[in-house]
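This report concerns only the one structure given below.
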Ligand SMILES: [Mg+2]
């Protein structure tokens, strides 16, 4: 394994999932033609690096993972995309880009809604989603 990478057997390593559009990629004009056209969101690159110092981090996106991986690689990240046969989503030091919702402690997403119970959730949906 690569130097600086902590293995999944290390139970201290927790996993954080991070959305791409609107969180890492500024996405200031929405989806458009599907290309990754924007700069990183303010503070995103430093924040990702900081998270990766303490956690295993994977990027969870509906986008083509190779495009997202190339964009992140250009910005200095070690990235993997292949469907992992080992639990890469638990390995610290490499950024997995995936469309699979692996287990994580937290999912960071600009469109997330924290579920507490269904009464709160239905009320929040009504309040936040305008028809
Ligand atoms: Mg998003």
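Numbering (this note's numbering), first residue to last: -15 to 115.
We put the CB at the ideal spot given by N, CA and C, even for glycine.
Computed from a prediction, not measured in an experiment: that's the story for all the values here.
Residue from the options whose Cα sits closest to the Cα of residue i
| i | options | result |
| --- | --- | --- |
| residue 83 | 100, 65, 71 and 106 | 65 |
| residue 51 | 110, 5 and 115 | 5 |
| residue 42 | 105, 106 and 0 | 0 |
| residue 58 | 95, 23 and 12 | 23 |
| residue 48 | 91, 102 and 19 | 19 |
| residue 36 | 46, -3, 44 and 14 | -3 |
| residue 95 | 44, 102, 101 and 56 | 44 |
Euclidean distance between Cα positions of residue i and residue j
| i | j | result |
| --- | --- | --- |
| residue 21 | residue 99 | 32 Å |
| residue 104 | residue 86 | 26 Å |
| residue 16 | residue 29 | 23 Å |
| residue 89 | residue 76 | 14 Å |
| residue 61 | residue 78 | 8 Å |
| residue 33 | residue 54 | 17 Å |
| residue 112 | residue 12 | 20 Å |
| residue 38 | residue 46 | 25 Å |
| residue 114 | residue 14 | 18 Å |
| residue 56 | residue 31 | 13 Å |
Residue i (DSSP reduced to helix, strand or coil)
| i | result |
| --- | --- |
| residue 63 | strand |
| residue 5 | strand |
| residue 29 | helix |
| residue 107 | helix |
| residue 53 | helix |
| residue 91 | strand |
| residue 35 | helix |
| residue 112 | helix |
Nonlocal neighbours in the same chain, by C-beta distance under 6 Å from residue i, ignoring five residues either side
| i | result |
| --- | --- |
| residue 97 | 108 |
| residue 80 | 42, 64, 72 and 73 |
| residue 91 | 1 |
| residue 40 | -3, -1, 74, 75 and 76 |
| residue 106 | none |
Close beta carbons around residue i, own chain, < 8 Å, minus the five adjacent residues each side
| i | result |
| --- | --- |
| residue 26 | 10 |
Same chain, Cβ closer than 7 Å to residue i, five either side skipped, listed in chain order
| i | result |
| --- | --- |
| residue 93 | 3 and 7 |
| residue 102 | none |
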